[in-house]
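A quick write-up on the structure given underneath.
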Amino acid sequence: MVYDLLIRNANVLDGSGAAHFRADVAIQGERICAIGDMPYATAANIIDAQERYLAPGFIDVHTHDDTNVIRTPEMLPKLTQGVTTVVVGNCGISASPVTLADDVPDPMNLLGKLDDFRYSSFSAYANAVDAAAPSINVAALVGHTSLRSQVMDSFARPATAEEITQMEMLLSQALDEGALGLSSGLAYRNAIHAPTTEMAPLVAAVGKSGGVYTTHLRDEFAGLLDAMDEAFATARNGQVPLVISHLKCAGAGNWGGAGKALSKLEAAAQHQHAHCDCYPYTAGSSTLDLGQVTDEIEITITWSTPHPEQARRPLKEIAAEWGYHC
Ligand SMILES: [Zn+2]
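As structure tokens, this is what we get:
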């Protein structure tokens with residue numbers, strides 16, 4: 001048989017967690033059809049891996065690629081790193097079910113400009129992703145802040161009972177249409193006024209549909225451990241698996257606390273499905289929040305809508321130039 005593709009001499013990491021092993025891998029169509037020592041196999045395309053590592057595509061579970069997968073379906077920044085699936089809609093912000101009349105609320109502006117928010121239902125978003133045919137797979141969460149943007153006239157207060165019911169309806173429809181679960185970004189100013197009681201019915205709806213709850217905690221600084229407790233309780237009550245997003249000890253005063261945070265997570269995981277993801281780099285990344293600006297940490301501005309010329313510059317330098325002091 002002539003395979004479509006044969007990758008020879010690879011160090012195969014099969015995703016099971018087992019050690020790598022030396023093998024040839026044969027592919028027919030879109031499927032791996034043989035793994036092993038195949039000295040006599042032939043193929044239309046043969047790649048000599050020269051003992052490089054060969055692994056299944058990585059799943060990037062924490063992304064804000066909601067509209068990138070539609071705008072730039074090649075998704076080269078991900079694909080070239082070996083990522084073949086992204087989970088979008090994290091930190092309370094998702095592209096659907098959302099339509100916006102004027103300003104894009106912070107931090108939904110991470111996802112795009114006003115006309116990027118045009119998917120009033122999850123299925124409309126899913127259809128747009130399908131039509132764009134991105135080179136990678138997409139799984140999507142629904143963001144709590146996105147839901148708030150659809151039913152509330154102000155973010156600076158808890159949702160009323162009626163607004164919670166409306167959010168629950170939007171969320172349940174999205175879950176029926178294939179959303180993976182719910183995310184929250186309770187540290188952000190447009191979600192921080194949502195009390196636990198606002199989250200509870202939404203998370204319970206996710207529990208009913210068999211989804212997952214991910215949360216950018218209410219506090220990643222001095223109040224980290226309490227915020228973790230809040231997340232555990234919310235997920236437990238809603239009977240959902242929990243993922244704590246980008247678990248970290250933020251702020252210089254909190255450094256060295258990772259042991260405590262991880263012990264707490266491990267203790268909770270004895271009683272419920274509790275997990276975390278983390279940045280694969282030693283920095284944080286977010287929209288600019290004055291509450292997080294201190295002189296203990298170097299902050300670099302990567303992009304700015306009103307001041308695009310300041311991109312890639314240290315905030316300290318910009319502040320000095322403009323005559324501001326920390
Ligand atoms: Zn986040």
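Residue 1 is where the sequence shown starts when you use the UniProt record's numbering, and the numbers rise one by one after that. All C-beta atoms in this analysis are idealised placements derived from N, C-alpha and C, irrespective of residue type, glycine included.
One thing to note: glycine 211 has its Cβ within 9 Å of the Cβ of leucine 180.
Sorting His64, Ala23, Pro306 and Ile301 by C-alpha distance to the C-alpha of serine 184 places His64 at the top. Residue environment for cysteine 249: buried (at least 16 other C-beta atoms within 10 angstroms of its C-beta).
Between alanine 10 and aspartate 24, the gap from beta carbon to beta carbon is short of 9 Å. A residue is called buried when at least 16 other Cβ atoms come within 10 angstroms of its Cβ; glutamate 198 meets this threshold and is buried. Spatial neighbours of alanine 159 in its own chain (CB-CB distance under 8 Å, excluding positions within 5 residues in sequence) are listed in chain order as Arg148, Val151, Met152, Met167, Ala194 and Glu198.
Fewer than three beta-carbon pairs drawn from the segment 65-77 and the segment 28-38 are found closer than 8 Å, and the two stretches are therefore not classed as touching. Note that the C-beta distance between histidine 273 and alanine 231 is not below 9 Å. Annotation: alanine 133 to asparagine 127 spans about 10 Å, alpha carbon to alpha carbon.
The criterion of a C-beta distance shorter than 9 Å is satisfied by asparagine 190 and phenylalanine 155.
Ordered along the chain, residues surrounding ligand 1 are Asn90, Cys91, Gly185, His216, Ser245, His246 and Ser286 [Cβ under 7 Å from any heavy atom].
Excluding sequence positions up to five before and after alanine 258, its CB lies within less than 6 Å of the CB of Cys249, all in the same chain and listed in chain order. The DSSP-derived three-state label of leucine 5 is strand.
Considering only Asp229, Ser123, Met108 and Glu162, the residue with the shortest C-alpha distance to glutamate 177 is Ser123.
The way I'd put it, the segment 93-100 does touch the segment 110-124; three or more beta-carbon pairs between them come closer than 8 Å. Counting of Cβ neighbours within 10 angstroms places arginine 52 among the exposed residues, the total staying below 16.
For arginine 22, the uninterrupted beta strand (DSSP E) segment begins and ends at 21-28.
Look at phenylalanine 58 here: in three-state DSSP terms it is strand. With fewer than 16 neighbouring CB atoms inside 10 Å of its own CB, isoleucine 46 falls in the exposed class.
Beta-bridge partners of arginine 31 (DSSP): Gln28. Non-local beta-carbon contacts of glutamine 239 in its own chain, meaning distances under 8 Å to residues more than five positions away in sequence, involve Ala204 and Gly207 in chain order. In the structure shown, isoleucine 297 adopts coil according to DSSP, grouped into three states. Here alanine 269 has His275 as same chain residues with Cβ atoms under 8 Å from its own Cβ, once five neighbours each way along the sequence are excluded. Across the structure, leucine 111 and alanine 41 are spaced so that their CA atoms are roughly 47 Å apart.
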